[in-house]
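Only one structure is covered here, and it is reproduced in the block below.
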Amino acid sequence: MLTLSVTVKNGEEVAFIAEVQQAGIFLIKNLDAASMSHTLGAFCPNILFPYARETLDSLVTRGSFPALMLAPVNFDALYAQELQRMQESGETPTVQ
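Structure follows, in C-alpha coordinates:
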(Lines of atoms letter the chains of each structure in order from A; the text may use other names.)
(Lines give C-alpha, C1' and ligand atoms only; values in the text may rest on other atoms or scores of the structure.)
Protein backbone atom coordinates (compact mmCIF):
# COMPACT_ATOMS: atom_id res chain seq x y z
CA MET A 1 0.00 0.00 0.00
CA LEU A 2 1.23 3.47 -0.89
CA THR A 3 0.36 6.30 1.51
CA LEU A 4 0.57 10.00 0.66
CA SER A 5 0.24 12.49 3.52
CA VAL A 6 0.19 16.24 2.95
CA THR A 7 0.10 19.02 5.52
CA VAL A 8 -0.39 22.53 4.14
CA LYS A 9 0.29 25.54 6.34
CA ASN A 10 -0.56 29.20 5.98
CA GLY A 11 2.19 30.79 8.01
CA GLU A 12 2.19 28.83 11.27
CA GLU A 13 -1.47 27.79 10.95
CA VAL A 14 -2.38 24.43 9.41
CA ALA A 15 -4.73 25.02 6.46
CA PHE A 16 -5.45 21.33 5.88
CA ILE A 17 -4.11 17.81 6.25
CA ALA A 18 -4.91 15.24 3.58
CA GLU A 19 -3.96 11.57 3.39
CA VAL A 20 -4.56 9.02 0.65
CA GLN A 21 -3.82 5.31 0.68
CA GLN A 22 -3.62 3.55 -2.68
CA ALA A 23 -3.43 -0.22 -2.89
CA GLY A 24 -2.96 -2.52 -5.84
CA ILE A 25 -3.23 -6.20 -6.56
CA PHE A 26 -0.20 -7.52 -8.40
CA LEU A 27 0.37 -11.07 -9.62
CA ILE A 28 4.10 -11.64 -9.25
CA LYS A 29 5.59 -15.05 -10.00
CA ASN A 30 8.98 -16.69 -10.26
CA LEU A 31 11.20 -13.86 -9.05
CA ASP A 32 14.33 -14.25 -6.97
CA ALA A 33 14.58 -12.28 -3.71
CA ALA A 34 16.48 -9.34 -5.24
CA SER A 35 14.03 -8.97 -8.12
CA MET A 36 11.06 -9.28 -5.76
CA SER A 37 12.53 -6.59 -3.52
CA HIS A 38 12.97 -4.25 -6.50
CA THR A 39 9.48 -5.01 -7.78
CA LEU A 40 7.85 -4.22 -4.44
CA GLY A 41 10.15 -1.28 -3.66
CA ALA A 42 10.11 0.51 -7.02
CA PHE A 43 7.99 -1.05 -9.76
CA CYS A 44 4.71 -1.32 -7.82
CA PRO A 45 4.95 2.19 -6.30
CA ASN A 46 5.65 3.58 -9.80
CA ILE A 47 2.32 2.12 -10.91
CA LEU A 48 0.35 3.21 -7.83
CA PHE A 49 1.67 6.77 -7.46
CA PRO A 50 -0.17 8.45 -10.37
CA TYR A 51 -3.50 7.15 -9.05
CA ALA A 52 -2.75 8.26 -5.49
CA ARG A 53 -1.59 11.67 -6.74
CA GLU A 54 -4.81 12.15 -8.74
CA THR A 55 -6.94 11.07 -5.77
CA LEU A 56 -5.13 13.48 -3.47
CA ASP A 57 -5.59 16.35 -5.93
CA SER A 58 -9.29 15.54 -6.27
CA LEU A 59 -9.70 15.37 -2.49
CA VAL A 60 -8.08 18.78 -2.03
CA THR A 61 -10.00 20.55 -4.80
CA ARG A 62 -13.31 19.09 -3.58
CA GLY A 63 -12.50 20.68 -0.24
CA SER A 64 -12.45 24.11 -1.97
CA PHE A 65 -8.67 24.44 -1.84
CA PRO A 66 -6.45 25.20 -4.85
CA ALA A 67 -5.28 22.22 -6.91
CA LEU A 68 -2.35 20.31 -5.46
CA MET A 69 -0.33 18.45 -8.07
CA LEU A 70 2.57 16.58 -6.55
CA ALA A 71 5.71 16.25 -8.64
CA PRO A 72 6.50 12.80 -10.03
CA VAL A 73 8.59 10.57 -7.77
CA ASN A 74 11.45 8.43 -9.08
CA PHE A 75 10.94 5.28 -7.00
CA ASP A 76 13.78 3.53 -8.85
CA ALA A 77 16.22 6.18 -7.61
CA LEU A 78 14.78 6.03 -4.08
CA TYR A 79 15.11 2.25 -4.10
CA ALA A 80 18.73 2.48 -5.29
CA GLN A 81 19.51 5.01 -2.53
CA GLU A 82 17.95 2.74 0.08
CA LEU A 83 19.97 -0.26 -1.18
CA GLN A 84 23.16 1.78 -1.01
CA ARG A 85 22.34 2.95 2.52
CA MET A 86 21.67 -0.65 3.59
CA GLN A 87 24.93 -1.88 2.07
CA GLU A 88 26.90 0.86 3.82
CA SER A 89 25.30 0.03 7.18
CA GLY A 90 25.63 -3.74 6.68
CA GLU A 91 21.86 -4.37 6.68
CA THR A 92 20.29 -7.10 4.57
CA PRO A 93 17.36 -6.18 2.31
CA THR A 94 14.15 -7.98 3.20
CA VAL A 95 11.13 -8.75 1.07
CA GLN A 96 7.82 -7.79 2.67
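Quick note on numbering: full-length UniProt numbering labels position 53 of the sequence shown as 53, and the sequence is numbered without any gaps.
Here a beta-carbon is modelled for each residue, glycine too, at the ideal position from N, C-alpha and C.
Reducing DSSP to helix, strand and coil, say where residue i ends up.
{"i": "V73", "result": "coil"}
{"i": "G41", "result": "helix"}
{"i": "A80", "result": "helix"}
{"i": "E91", "result": "coil"}
For residue i, write down the residues that DSSP places opposite it in a beta bridge.
{"i": "Q21", "result": "T3"}
{"i": "K9", "result": "V14"}
Tell me where the alpha helix (DSSP H) around residue i begins and ends.
{"i": "T61", "result": "C44 to R62"}
{"i": "A34", "result": "A33 to H38"}
If residue i and residue j are in contact, beta carbons under 8 Å, what's the gap, nearest whole angstrom?
{"i": "G63", "j": "F26", "result": "Actually they are not in contact, since the Cβ atoms of G63 and F26 sit about 31 Å apart, beyond 8 Å."}
{"i": "M36", "j": "Q21", "result": "The Cβ separation is near 22 Å, so there is no contact."}
{"i": "V14", "j": "L68", "result": "Not a contact, Cβ separation roughly 14 Å."}
Between residue i and the ligand FMN, is there a pair consisting of the residue's CB and a ligand heavy atom that are separated by less than 7 Å?
{"i": "L59", "result": "No copy of the ligand FMN occurs in the structure displayed, which carries no ligand at all."}
**OP:** State whether the segment 36-44 contacts the segment 77-84, with contact taken as three or more CB pairs (one from each stretch) at a distance under 8 Å.
**Re:** yes
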